[in-house]
Amino acid sequence: MKSKLSFVAGCTTRPRSRALRSAACTMLAADFDSVVVKHTERVLENRGCRTLQINIGLTCNQACTHCHVASSPARGETMPRSVAERLVYLAGRSDHVGSVDITGGAPEMHEQFAYLVREMRALGLQVIDRCNLTVLSLPGMEQLPDFLAEHRVKVVASLPCYTRETVDKQRGDDVFQQSIAGLRKLNAKGYGARDSGLQLDLVYNPSGAFLPPEQSALEQKYKEELSELFGIEFNRLICIANMPIKRFRTDLKRSHQLEQYESLLRDSFNPATLERLMCVDQVHVSYDGSVHDCDFNYALGLANRKSVFDIDHLDDLTGRRIQTGSHCFGCTAGSGSSCGGALSA
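Per this note's numbering, the sequence shown runs over residues 8 to 352.
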């Protein structure tokens, strides 16, 4: 039967024991791996760390329905200085790392955020701040736009639609209005303006159990709507698929769409995405210093049994086999999905 879930142009039972959960994860990982091997004759391996992604902590001023790390104001997990210092040390020793991608939670709410920005920029590395925009309206954050502009931090900001109704439904009451206010603050500092050198990208993720539409067409629509209605400028739109894990998985179960959505991801597998998967060129480090292949593996507890204190060089992780699971089909479905957006035309 053809799935009722499909691309749009606009904006199972949990195992009852640890043994059963482990067996289920192994089976699903083998399923994805077998598909990869069928197309490439090899399993996924890390090719070297070009992007160091850091989850600085889980404290956030929002509790979005799609959040795969379940961040919220109630979460207190945050990175200690010892881990932040170790990351600066490792980044400084690498000849391959070009970008440091700081995520959370709301990264800016964490004590080590400013330290990491200053030190990584001093190393000559690009720094990316994954900003929820509403953090810019919090008391004490008045100087944040100036700080980001001063250090020429690339801002990747969440805005899952250009309409109030869709954004507030996914992210909370009045979030859209606060997001527009945040974008205006960034625009006032030069972010999003042509030739300013201050990159401002927006992130779209679907509001339901469907895949993102074609990225370039949706980007044009975003630019038209945000410019006409609010005078907002930005550089690029990044489309990211929702992974069927954590809060979104719970919502899918509640609406009886989990099986259909997972089938959609599998049926939409695109082999052209494999060479550009983010996990093969990055290392993800969580707030406690544990090392993962990606943010999604971190959310699922799929660690590499190493911490930043177990390695002397990021190159020590090159060649390791990527841990996979059924969620990996989310990155290879349709045009593909990554922290940088679509992976194929």
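We put the beta carbon where it would ideally sit given N, CA and C, even for glycine.
Identify which residue in 348, 256, 227 has its Cα closest to the Cα of residue 285. 348
Please identify the residue among 297, 72, 316 whose C-alpha is closest to the C-alpha of residue 180. 72
Reducing DSSP to helix, strand and coil, say where residue 161 ends up. strand
Determine, using beta-carbon pairs with one atom in the segment 310-321 and one in the segment 213-225, whether at least three such pairs fall under 8 Å. no
Report yes if the C-beta distance between residue 134 and residue 104 is below 8 Å; otherwise report no. no
Just how far apart, CA to CA, sit residue 38 and residue 302? 21 Å
Please give the ranges of any alpha helix (DSSP H) in the segment 155-228, keeping only runs that are unbroken, at least 4 residues long and fully inside the region. 171-178, 182-195
Beta carbon of residue 56 nearer than 8 Å to that of residue 321: yes
Am I right that residue 296 and residue 242 are in contact with their C-beta atoms under 8 Å? What's the rounded C-beta distance? Their Cβ separation, rounded to whole angstroms, is 33 Å, which puts residue 296 and residue 242 out of contact at 8 Å.
Give the DSSP-derived three-state secondary structure of residue 108 in the structure shown. Looking at residue 108 - three-state DSSP - the assignment turns out to be strand.
Between the Cα of residue 167 and the Cα atoms of 126, 139, 262, 307, which residue gives the shortest distance? 139
Beta-bridge partners of residue 59, as assigned by DSSP: 107, 290
Classify residue 100 as buried or exposed, calling it buried when 16 or more other Cβ atoms lie within 10 Å of its own Cβ. exposed
If you follow the alpha helix (DSSP H) that residue 270 is in, where does it begin and where does it stop? 265-274
Where residue 267 and residue 40 are concerned, what is the direct C-alpha to C-alpha distance, given to the nearest angstrom? 21 Å
Taking residue 369 as part of the alpha helix (DSSP H), name the residues at either end of that continuous run. The structure shown has nothing for residue 369, since the chain only spans 8 to 352.
Check the DSSP bridge columns for residue 79 and list the partner residues they point to. 66
C-beta contact flag for residue 143 and residue 152 at 8 Å: yes
Can you give me the C-alpha to C-alpha distance between residue 214 and residue 228, rounded to a whole angstrom? 17 Å
Under a Cβ-count criterion, where at least 16 other Cβ atoms within 10 Å of its own Cβ denotes burial, should residue 147 be classed as buried or exposed? Counting Cβ neighbours within 10 Å, residue 147 comes out exposed, since fewer than 16 surround it.
Counting Cβ pairs closer than 8 Å, one from the segment 46-60 and one from the segment 269-286, do we hit at least three? yes
What did DSSP end up calling residue 295 once you bin it into helix, strand or coil? coil
Extent of the continuous alpha helix (DSSP H) run through residue 90: 88-100
So what does DSSP say about residue 340, is it helix, strand or coil? The answer is strand: DSSP assigns residue 340 an E or B state.
For the 8 Å Cβ check, are there 3 or more pairs between the segment 121-131 and the segment 75-84? no
For residue 216 and residue 156, I'd like the C-alpha separation in whole angstroms. 36 Å
Return the chain-ordered list of same chain residues with a C-beta closer than 7 Å to the C-beta of residue 254, the five sequence neighbours on each side being excluded. 72, 73, 74, 77
Answer yes or no: do residue 162 and residue 207 have a C-beta to C-beta separation smaller than 8 Å? Annotated as proximal: residue 162 and residue 207, with beta-carbon spacing under 8 Å.
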